[in-house]
Amino acid sequence: MDAWALRTLWVLAATTGTLWGSGRGWAQAPNYSSPGWQPYREGADVLPTPGNGELANAVANPAGAPLQVAQAPMMVMDSPVEVADGMDPMMACPQPMFAAPPCAMPMYFDASGAPPNSPQYWQWRILPENVIWQSYWAGMHEPRISGVAFHNAPNTTNYLDVSLGGRASILRYGTDGPGRPEGAEIQIEGAAFPRLNLDANWDVEAVDFRFGVPLIYGREKWQTKFSYYHLSSHMGDEYAIRENALADRINFSRDVLVFGLSYFPLPAWRWYSEMGWAFHYDESEPWEFQFGVDVAEPGPTGPWGVPFFAINGHIREELNYGGNLVAQIGWLWRGNSTKVLRTGFHYFNGKSNQFEFFRNFEEQLGVGLWYEF
């Protein structure tokens, strides 16, 4: 080995020791006559990632941090390397790399790059924007703002059924933001459901009132509901005076515990079912069951909207497990949230959805406007 190559090796070793500390570098030129010296190193000193204690020591004393040696061997040539004019011999014949191991520094996770069900998204939220559990589109006693004008075939009368209410999330541990949220939440719901007689000066025929507190858990395709609600029905004063029916009024009311499931087999399809048991009731019986399907393209619809279809069945013990069937079809608009605006055709067949008259049969055909929020 000539003098030029030896000087080059000595400069590399000295530079390495200066940069990374003398603990693992060469502080002086090696003794080539030593029987233990070799012009290369077999294998590499692979060090584990430092733990918390080693990291603290490395921060306090950077010069004392251990070095990691790459496994590439150091090649020493017997004769000078011939390179092209102007090329650095060190670049033409690179030597092994000496580097410090990666530091186990704290890592900060950017939740925007995670999937929606990632634990990094789940946190406590007061009054979040959207709701995990949404109202059934064709459910007749669901909290929303709506109006349905229809013709009732059995008595050939035109009515307007109105819903004045809504559903909101009070407290959630879970996700928020665009789309359908996930997590566990406490909701509050409430609405009044007046019926107006369009053929009799828009007299109020009856009003149902509902208030409830649902506990919701939803993740990916599944949502679960455990809820309490109170419902009471009242005859309208104008109807009672017009029909002299005050003596016929009933005090229909229910205090109900509900367990429900909702499932999205496809992004556009929602299947749901629930059962309710009333622990206190008047003019009623304990059990009721509800089930149905909501269908519409998910996500923001833009200004043109998308078609929708919804069907709902509701059976009740006080009707010998009969009830009613509702079907709706029309057009739907949705922004980047769970709020939905719908308009379309409405068909109802079965016992009246005004529980003051729950024994009366009705067949409704009409049009409606519904806003869920």
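In this note's numbering, the protein residues as written are 21 to 393. Positions of the beta carbon are idealized from the N, C-alpha and C atoms, including for glycine.
Which of helix, strand or coil DSSP assigns to residue i
i: A288; result: coil
i: A226; result: strand
i: Y259; result: helix
i: E162; result: coil
i: N147; result: For clarity, residue 147 is Leu in the given sequence; the question names Asn instead. Coil at L147, not helix or strand.
i: D268; result: helix
i: F368; result: strand
i: Y141; result: helix
i: L218; result: coil
i: F377; result: helix
i: E338; result: helix
i: S304; result: coil
i: D275; result: strand
i: Y156; result: coil
Rounded straight-line distance, which links the Cα of residue j to that of residue i
i: A347; j: S183; result: 17 Å
i: E205; j: R192; result: 4 Å
i: A120; j: K245; result: Low confidence applies to A120: its pLDDT is 48, below 50, so where it sits in the model is not reliable enough to give any reading.
i: K9; j: F284; result: Coverage of the chain is limited to positions 21 through 393, which leaves residue 9 absent and any answer about it impossible.
i: Q154; j: W142; result: 20 Å
i: V326; j: N217; result: 32 Å
i: F328; j: W291; result: 14 Å
i: R239; j: D314; result: 18 Å
i: E149; j: G203; result: 13 Å
Own chain, CB closer than 7 Å to residue i, minus 5 neighbours either side, in chain order
i: N356; result: P198 and P320
i: N369; result: N344, L345 and E383
Own chain residues within Cβ distance below 6 Å of residue i, not counting five before or after
i: G186; result: P163 and F393
i: I349; result: F329, G364 and F365
i: H300; result: D275
With 16 other Cβ atoms within 10 Å as the buried cut-off, status of residue i
i: Q140; result: exposed
i: L147; result: exposed
i: I152; result: buried
i: G322; result: exposed
i: R362; result: buried
i: L251; result: buried
i: F375; result: buried
Cβ-Cβ separation, residue j to residue i (assumed contact under 8 Å), whole Å
i: G256; j: V227; result: 6 Å
i: I208; j: I236; result: Not a contact, Cβ separation roughly 11 Å.
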